[in-house]
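Those sequence lines, one after another, are chains A and B. Note that numbering that gives the first Met the number 0 has the first sequence beginning at 0, numbered continuously upward. Note that numbering that gives the first Met the number 0 has the second sequence beginning at 0, numbered continuously upward. Cβ coordinates follow ideal geometry from the N, Cα and C atoms, glycine included.
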Amino acid sequence: MSQSAAPTAPPTTEKKEKTAPRELRDRGYVVICWNDPVNLMVYVTHVFQIVFGWPKAQAERHMMQVHQAGKSLLVRETFEKAEHYVHQLQGYGLHATMEREE
Amino acid sequence: MKFIHSQKSGNEAAASVFQISKQEVEWLLGVLKFYPQLDSDYHHITQGAAQEIKAEQQLLEEAMAQRRSEHKRKLEKFFATPGRFRLEAMDQYRFTLTAEQMEWLLQILNDVRVGCWVKLGRPELEPAPPEKLTAEEARTLSALEMSGFFQMVLLGAYEGPEPEPA
Chain A
0 MSQSAAPTAP
10 PTTEKKEKTA
20 PRELRDRGYV
30 VICWNDPVNL
40 MVYVTHVFQI
50 VFGWPKAQAE
60 RHMMQVHQAG
70 KSLLVRETFE
80 KAEHYVHQLQ
90 GYGLHATMER
100 EE
Chain B
0 MKFIHSQKSG
10 NEAAASVFQI
20 SKQEVEWLLG
30 VLKFYPQLDS
40 DYHHITQGAA
50 QEIKAEQQLL
60 EEAMAQRRSE
70 HKRKLEKFFA
80 TPGRFRLEAM
90 DQYRFTLTAE
100 QMEWLLQILN
110 DVRVGCWVKL
120 GRPELEPAPP
130 EKLTAEEART
140 LSALEMSGFF
150 QMVLLGAYEG
160 PEPEPA
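Printed below as a string of structure tokens:
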């Protein structure tokens, strides 16, 4: 997988000051991938490798968690970075969302 | 269709070379005609309190719409290029994809696959897809399955060529 496109770099935190209040942005956000019956397992693994730059074993571990547990918490991030990852994952057609960490 | 080998030219990233039959070329082009399938409102930024980040939901929908528009333009340009499929033997062609082209083609094929699944009412596909279908639904299911087939071939290129049978 290393010959594929490089992992996508998350944006800097300065972006989008105007759209989200600081109190929201400063809280921890988690990016979650949810199970569905349509995305191929090997495809999901590939997407995790591309988007997060993970080694195959780590990507497969999260893919299996999605498949078996119904969801996997992929990363904890700032608002902006979590949003960036959700855009990337959804661009690949995965069912991924960002949630505020309680 | 199968992955043959990678080829490297100068400082550019390695490209993947595939063998594809005349029939498979027709299937691939047929599947790609389904693109785009997913609507922008398929995408949700959160399952939580969405009203807090309404602007971000709108941003996501706009980003996905823009991405689809870019992909459609790339797709049209890619297949309009003369000699894209190079005849190698009777009914057998070769075509080459760069790493970047592989990524957007995978996304396009997955849009067709997921979009067809949504159109069919999000059925369970395992152990078997629904059987009683209208002609239109059968066509949609066929595109869903076919896009998955081409995705698997493309992803197989990352694993290297299949071993020759003994």
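- The criterion of a C-beta distance shorter than 8 angstroms is not satisfied by residue 17 of chain B and residue 142 of chain B.
- Rounded to the nearest whole angstrom, the C-alpha separation of residue 58 of chain B and residue 44 of chain B is 9 angstroms.
- The C-alpha of residue 91 of chain B lies about 22 angstroms from the C-alpha of residue 75 of chain B.
- According to the DSSP assignment, residue 37 of chain A belongs to no alpha helix (DSSP H), since it is labelled neither H nor E.
- For residue 147 of chain B, the C-beta contacts it makes with chain A under 9 angstroms involve 37, 39, 42, in order along the chain.
- In the three-state reduction of the DSSP assignment, residue 75 of chain A falls in the strand class, which pools E and B.
- Of all residues in the stretch 74–98 of chain A, only 82, 85, 86, 89, 90, 91, 92, 96, 97, 98 come within less than 8 angstroms of chain B when Cβ atoms are compared, listed by chain position.
- Within the stretch 107–155 of chain B, no beta strand (DSSP E) run of at least 3 residues lies entirely inside it.
- Look at residue 150 of chain B: its C-beta is under 8 angstroms from a C-beta on chain A.
- By the C-beta density criterion, residue 87 of chain A is buried, having at least 16 other C-beta atoms within 10 angstroms.
- Where residue 72 of chain B is concerned, the enclosing alpha helix (DSSP H) starts and stops at 53–79.
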